[in-house]
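See below for the structure under consideration.
There are 2 protein chains.
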Amino acid sequence: MSLRYGILGMLSKWEASGYDIKKEFDEYMSIFWHSHLSQIYPELNKLEKDELISSKLVKQVGKPDKKVYSITDKGRKELMNWLLTPPETLKMKDTFLMQTFFMDNIPAEEVLLKLRMYKKERQQRLEQIKIIMQDRLNSIKERNVMKSRILMSSAVLKRGIEQEMYYLKWCDETIELVEKCKFLWAKEEAARIEHINSQSENKEIQSTASATYTEVEEIFLKYFAGLVEEEK
Amino acid sequence: MSLRYGILGMLSKWEASGYDIKKEFDEYMSIFWHSHLSQIYPELNKLEKDELISSKLVKQVGKPDKKVYSITDKGRKELMNWLLTPPETLKMKDTFLMQTFFMDNIPAEEVLLKLRMYKKERQQRLEQIKIIMQDRLNSIKERNVMKSRILMSSAVLKRGIEQEMYYLKWCDETIELVEKCKFLWAKEEAARIEHINSQSENKEIQSTASATYTEVEEIFLKYFAGLVEEEK
DNA sequence: TCAACCATGTAATAAGTTACATGATTAT
DNA sequence: ATAATCATGTAACTTATTACATGGTTGA
Numbered sequence: 001m002s003l004r005y006g007i008l009g010m011l012s013k014w015e016a017s018g019y020d021i022k023k024e025f026d027e028y029m030s031i032f033w034h035s036h037l038s039q040i041y042p043e044l045n046k047l048e049k050d051e052l053i054s055s056k057l058v059k060q061v062g063k064p065d066k067k068v069y070s071i072t073d074k075g076r077k078e079l080m081n082w083l084l085t086p087p088e089t090l091k092m093k094d095t096f097l098m099q100t101f102f103m104d105n106i107p108a109e110e111v112l113l114k115l116r117m118y119k120k121e122r123q124q125r126l127e128q129i130k131i132i133m134q135d136r137l138n139s140i141k142e143r144n145v146m147k148s149r150i151l152m153s154s155a156v157l158k159r160g161i162e163q164e165m166y167y168l169k170w171c172d173e174t175i176e177l178v179e180k181c182k183f184l185w186a187k188e189e190a191a192r193i194e195h196i197n198s199q200s201e202n203k204e205i206q207s208t209a210s211a212t213y214t215e216v217e218e219i220f221l222k223y224f225a226g227l228v229e230e231e232k
Numbered sequence: 001m002s003l004r005y006g007i008l009g010m011l012s013k014w015e016a017s018g019y020d021i022k023k024e025f026d027e028y029m030s031i032f033w034h035s036h037l038s039q040i041y042p043e044l045n046k047l048e049k050d051e052l053i054s055s056k057l058v059k060q061v062g063k064p065d066k067k068v069y070s071i072t073d074k075g076r077k078e079l080m081n082w083l084l085t086p087p088e089t090l091k092m093k094d095t096f097l098m099q100t101f102f103m104d105n106i107p108a109e110e111v112l113l114k115l116r117m118y119k120k121e122r123q124q125r126l127e128q129i130k131i132i133m134q135d136r137l138n139s140i141k142e143r144n145v146m147k148s149r150i151l152m153s154s155a156v157l158k159r160g161i162e163q164e165m166y167y168l169k170w171c172d173e174t175i176e177l178v179e180k181c182k183f184l185w186a187k188e189e190a191a192r193i194e195h196i197n198s199q200s201e202n203k204e205i206q207s208t209a210s211a212t213y214t215e216v217e218e219i220f221l222k223y224f225a226g227l228v229e230e231e232k
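Take a look at the structure:
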């Protein structure tokens with residue numbers, strides 16, 4: 001349902017074609033939403049049928065013609081109505097974090113490799129979004145205008161940048177954690193091999209399979225510093 | 001596709017029923033994923049048909065019987081394979097941020113109301129997740145064990161807490177920003193009314209419709225402090 | 001010349017959500 | 001009494017993704 005309002009909101013700012021809207025979803029709006037063209041085009045047709053938007057054909061030179069949509073009064077009312085409605089719960093689908101959650105199943109070196117690769121991905125994304133922000137801030141300064149619209153979209157932009165910044169920071173801290181604790185994988189692997197070689201005394205072996213918390217307490221507390229309330 | 005591996009990964013840690021898995025998705029795993037029972041049950045059947053997991057019926061007293069699933073060797077191999085695979089791109093669907101992006105369309109007081117309400121929601125979620133973390137950390141300390149499994153799930157937990165903490169901080173800062181800048185809404189509203197009353201000189205009116213950047217520069221720079229690189 | 005961009009769509013499939021169905025137990 | 005928890009599923013529907021289809025222009 002929200003895609004509908006994402007498009008409607010977008011058209012409350014500027015007139016745009018389906019293609020334009022997709023670009024906005026990929027750039028600025030990618031902080032909170034994403035969508036495919038094959039979903040946007042049918043949705044635009046539905047919105048037009050419901051008379052929340054209207055279209056006009058614009059002929060272009062050197063480029064294919066395009067259908068430019070604008071919001072109607074009815075559409076504006078519908079948008080305002082939705083804005084006063086409680087939001088749907090946040091839906092996160094973070095496959096990388098899911099993999100991380102289960103990464104004890106692969107060797108420590110592979111874990112480090114994955115974390116470093118992902119860090120690069122986040123870093124690139126942060127650079128992208130920082131460029132968008134600099135451009136925006138410069139344009140506001142140059143034109144010397146400030147509107148509630150600019151204010152609210154800037155707030156969202158800030159959230160987007162922070163999200164990336166802190167994800168990146170987490171990557172760094174987690175790489176450090178795994179580097180300091182990779183002996184855990186070696187210990188567990190050794191215990192597994194021992195377990196195969198002598199299956200008779202498996203109870204004794206299981207107790208040596210894991211390290212004690214005391215061995216990593218300092219590293220662990222440093223990793224969680226600032227998040228845990230100190231108990232007295 | 002990832003739900004499949006979420007379940008498989010879950011079963012690489014403990015044996016569980018569909019109902020148990022759902023609880024884990026709602027609690028610990030909610031940091032990176034969510035799923036309904038009506039999606040989990042069919043997926044479990046598929047996984048069993050593919051021989052990645054196996055089930056046994058466990059009779060219970062005072063409770064309905066349950067089907068407890070465990071991962072097979074084939075399943076463990078499939079999981080490891082997936083773990084070495086690049087993750088799908090992060091998919092965020094944040095309806096609240098979407099609304100925020102378009103909130104210039106509703107009065108400033110409504111914006112503040114929405115921000116304050118959402119802040120409470122995030123706050124409650126943070127409290128929940130902090131309790132989960134405290135329980136986890138205490139149990140590790142008590143039992144005095146440390147395994148790579150605990151390490152990796154703790155890393156994910158940290159990310160979850162940070163996410164909530166910084167979202168909450170953003171709510172606070174954005175509430176402050178809107179409070180300081182709510183005169184923008186009043187100004188734009190006044191200009192709109194003037195525009196209706198005298199449609200002849202609309203060009204002149206549009207120039208007074210928005211405030212200048214200079215009027216809010218100090219507030220704006222404070223809001224973005226730490227995110228923007230200073231230009232010399 | 002080959003990829004990328006502009007531009008709009010449909011069709012098939014996959015994934016996710018809500019509603020329906022059943023039924024026992026436990027806590028308020 | 002009534003709601004919540006435990007437990008497993010199916011059916012209908014909505015949403016999202018990938019593949020297919022078309023075709024001109026621009027830049028490397």
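Listed in order, the protein sequences are those of chains A and B. If you count by UniProt numbering, then the first sequence holds residues 1 to 232, one letter each, in order. If you count by UniProt numbering, then the second sequence holds residues 1 to 232, one letter each, in order. Note that the Cβ used here is the ideal one computed from N, Cα and C, for glycine as well. These numbers come from a predicted model, not from an experiment.
For A225 of chain A, decide whether its Cβ has a neighbour in chain B, counting only Cβ atoms nearer than 8 Å. Cβ-Cβ to chain B under 8 Å: no for A225 of chain A.
C-beta contact flag for C181 of chain A and I219 of chain A at 8 Å: For the 8 Å CB-CB criterion, C181 of chain A and I219 of chain A form a contact.
Spatial neighbours of I205 of chain B within its chain, please: C-beta separation below 7 Å, excluding the five flanking residues on both sides. Model confidence at I205 of chain B stands at a pLDDT of 47, short of 50, so the residue's coordinates are unreliable; what they give is reported in the following sentence. Excluding its 5 nearest sequence neighbours in each direction, I205 of chain B has C-beta neighbours in its own chain below 7 Å: A191, E194, H195, listed in chain order.
Please say whether L83 of chain B and M103 of chain A have beta carbons closer to each other than 8 Å? Closer than 8 Å, so yes.
DSSP beta-bridge partners of I71 of chain B: Per DSSP, the beta bridge partners of I71 of chain B are B:I53.
Can you give me the Cβ contacts of C171 of chain B inside the same chain, cut-off strictly under 7 Å, excluding the 5 residues immediately before and after it? L115, Y118, K119, R122, listed in sequence order.
Beta-carbon separation (whole angstroms), residue 233 of chain A vs E173 of chain A, contact threshold 8 Å: Residue 233 of chain A is absent from the model: chain A starts at 1 and stops at 232.
Short of 7 Å in beta carbon distance, which residues of its chain neighbour residue 242 of chain A, apart from the five on each side in sequence? Order them along the chain. Residue 242 of chain A falls outside the range modelled here, since chain A spans only 1 to 232, and no answer is possible.
Give a yes or no on whether the minimum CB-CB distance between T214 of chain B and chain A is below 8 Å. Interface residue, yes.
Please report whether the beta-carbon of Q99 of chain B lies at a distance below 8 Å from any beta-carbon of chain A. Output row for Q99 of chain B: interface = yes.
I need the DSSP call for M103 of chain A, collapsed to helix, strand or coil. Helix.
Where S2 of chain A and T95 of chain B are concerned, what is the direct C-alpha to C-alpha distance, given to the nearest angstrom? Going from the Cα of S2 of chain A to the Cα of T95 of chain B covers about 7 Å.
Could you list the residues in the stretch 13-31 of chain A with a C-beta less than 9 Å from some C-beta on chain B, going in chain order? Cβ contacts with chain B come from K13, Y28, M29, S30, I31.
Grab the span of the alpha helix (DSSP H) containing K13 of chain A for me, first residue to last. DSSP places K13 of chain A in the uninterrupted alpha helix (DSSP H) bounded by 2-13.
8 Å Cβ cutoff, Y41 of chain B in contact with chain A: With a threshold of 8 Å between beta carbons, Y41 of chain B makes no contact with chain A.
Could you tell me whether any non-hydrogen atom of the ligand GTP is closer than 7 Å to the CB of I140 of chain B? The ligand GTP is not part of the structure shown, which contains no ligands of any sort.
Just checking: is the beta-carbon of H34 of chain B within a distance shorter than 8 Å of some beta-carbon in chain A? Answer yes: the Cβ-Cβ gap between H34 of chain B and chain A drops below 8 Å somewhere.
Neighbour flag for D104 of chain A against chain B, beta carbons, 8 Å: It does; some Cβ of chain B falls within 8 Å.
For E179 of chain A, which residues in the same chain have their Cβ closer than 7 Å to its Cβ, ignoring the five residues on either side in sequence? Cβ within range, chain order: L112.
Would you verify that the beta carbon of A190 of chain A is, or is not, closer than 8 Å to some beta carbon of chain B? No - not a single Cβ of chain B is within 8 Å of the one on A190 of chain A.
Taking 8 Å as the CB-CB cut-off, is V228 of chain A touching chain B? Chain B, which has a Cβ nearer than 8 Å to the Cβ of V228 of chain A, makes this yes.
Using C-beta distances below 8 Å, list every residue in its chain close to E43 of chain B, excluding the 5 sequence neighbours before and after it, in chain order. Cβ neighbours of E43 of chain B beyond the five flanking positions: L3, R4, I7.
Any 3 or more C-beta pairs closer than 8 Å across the stretch 148-160 of chain A and the stretch 144-159 of chain B: No, they do not touch.
Would you identify the three-state DSSP class for V58 of chain B, choosing helix, strand or coil? Secondary structure at V58 of chain B: strand, using DSSP grouped into helix, strand and coil.
Which class does A225 of chain B belong to by DSSP, given the choice of helix, strand or coil? Note: A225 of chain B maps to coil in three-state DSSP.
Bridge-paired residues (DSSP) for residue 235 of chain B: Lying outside 1 to 232, the shown extent of chain B, residue 235 of chain B is not represented and no answer is given.
S38 of chain B at chain A interface by Cβ criterion, 8 Å: Taking CB atoms only, S38 of chain B has no neighbour in chain A less than 8 Å away.
Taking the alpha-carbon of N138 of chain B as reference, which of A:N197, A:Q39, A:L221 has the nearest alpha-carbon? The candidate whose alpha carbon is nearest that of N138 of chain B is A:L221.
Indicate whether A16 of chain B and V68 of chain B have their beta-carbon atoms separated by less than 8 Å. When the beta-carbon positions are compared, A16 of chain B and V68 of chain B come within less than 8 Å of each other.
Within chain A, partners of I161 of chain B - CB distance below 8 Å: The answer, in chain order, is L227.
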